[in-house]
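Residue numbers (full-length UniProt numbering): 1 to 307. Reading through the structure tokens given below for one structure.
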Amino acid sequence: MATMANHDRETTQPTCQNCTTTTTPLWRRDEMGAVLCNACGLFLKLHGRPRPISLKTDVIKSRNRVKTMRPDLAKQKKQNQSLGATNDVNGVDFGQQGNGVGAANMGARRASHRSANGNGDDHSPISRTGTPNMYNVQIYQNLDDHFQSQQLPGFGVSAASPGRPPSPMNGERLDIPQTHEQLIAVNSSLKTRVSELEVIQELYRGRIQQLEQEESVRQVQEAGKADEQLRSQVAIIGESNSQLQKELEESHRRENMLKRRLDELEVELKDVKDSLETHENGRAKRQRLDDNATKPIDDTTTPRSDS
């Protein structure tokens, strides 16, 4: 019996709770969770009230667009504004009753459609919206996924893949009735996701440890290179210092040699001067002796003259 009921539920197509249509390019929901077609959902979202069945073009609001109205439509709009009411096919005055009456009529329509679809007052024990539970669960899931993808584009919430059970981690709603098998599938998917996240966390942790090890090795290598450079610089400075020391010692040794040579030359010069003085003195003495020896001979040989 449960299999047949599920089969009938899957083959039944959804119906719009406002205009009772079954063909629409996109199914929507209102705030209460009722199924609406694309036109009724857009009208309710834009105007805040249910869409009249006999909808006229001058009733629809424009989204900040400059629209030129035809003269006949403008005249008709002025007449409607003078009357101050806009009636639908059921004779409900939306202009005078306001949105509250429209919401009440919307609830009455939902109740009538639930009774017409054979659902009656049989509500789902899990559903809080009072929506019929005879439709396919996959349709509701597609509607939820569509609204999630439209309302949360900036949070990275993507629509669920076909055949994948809804998950609260993906931003999907779980207020639809779920069987025991679906709960088991959701639990297994959550466990799989948790295991995937744990694997990803381990990968990140291993990568972080690897980067830390590489950073420590790099720092040690850089410190070793800097130490080697400092040692090489110290060795170069020591070699240059020893070379300068050797050159200084060599210069001192040459200086001492030059001093000794200078002293020797001074001694030799002094000896030469002394020998020259001695030689000059000896020549002078010999010359005086020679002069003294030749002077008496000259006196004896010279004749005297008589006075």
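Backbone N, C-alpha and C define an ideal beta-carbon position, used for all residues, glycine too.
Check                                                                                                                                                                  : Outcome
Would you mind stating whether Pro-52 and Val-35 have Cβ atoms separated by less than 8 Å?                                                                             : no
What residue range does the alpha helix (DSSP H) around Asn-18 cover?                                                                                                  : From DSSP, Asn-18 is part of no alpha helix (DSSP H); its letter is neither H nor E.
Quick test of your reading: Asn-38 and Pro-25, contact by CB under 8 Å. State the CB separation rounded to the nearest angstrom.                                       : 6 Å
Go ahead and label Asn-187 buried or exposed: buried means 16 or more other beta carbons lie within 10 angstroms of its beta carbon, across all protein chains shown.  : exposed
Which residues in the same chain as Gln-201 place their Cβ atom closer than 7 Å to its Cβ, once the five residues preceding and following it in sequence are excluded? : none
At which residues does the alpha helix (DSSP H) containing Pro-26 begin and terminate?                                                                                 : Per the sequence shown, residue 26 should be read as Leu rather than Pro. It is not in any alpha helix (DSSP H) - Leu-26 carries neither H nor E in the DSSP assignment.
Which same chain residues, not among the five before or five after Asp-43, have their C-beta less than 6 Å away from its C-beta?                                       : Note on identity: in this sequence residue 43 is Phe, with Asp being the wrong assignment. Taken in chain order, the residues that qualify are Arg-51.
Would you check if the distance between the CB atom of Arg-28 and the CB atom of Gly-41 is smaller than 8 Å?                                                           : yes
Report buried or exposed for Asn-18, applying the criterion of at least 16 other Cβ atoms within 10 angstroms of its Cβ.                                               : buried
From the DSSP secondary-structure annotation, give me the bridge partner or partners of Leu-36.                                                                        : Arg-28
What does the alpha-carbon distance come out to for the pair Leu-276 and Leu-289?                                                                                      : 20 Å
Classify Asp-274: buried if its beta carbon has 16 or more other beta carbons within 10 angstroms, exposed otherwise.                                                  : exposed
Could you compute how far the alpha carbon of Asp-227 sits from the alpha carbon of Ile-237?                                                                           : 15 Å
Just to confirm the assignment: which complete beta strand (DSSP E) runs, minimum length 3, are found wholly within the segment 235 to 264?                            : none
Using the C-alpha atoms, what's the distance from Lys-259 back to Glu-266?                                                                                             : 10 Å
Quick one: Cα of Met-32 to Cα of Thr-20, how far?                                                                                                                      : 17 Å
Could you give the DSSP three-state label for residue 317: helix, strand or coil?                                                                                      : Look at the range of the chain in this structure, 1 to 307, and you will see that residue 317 is not part of it.
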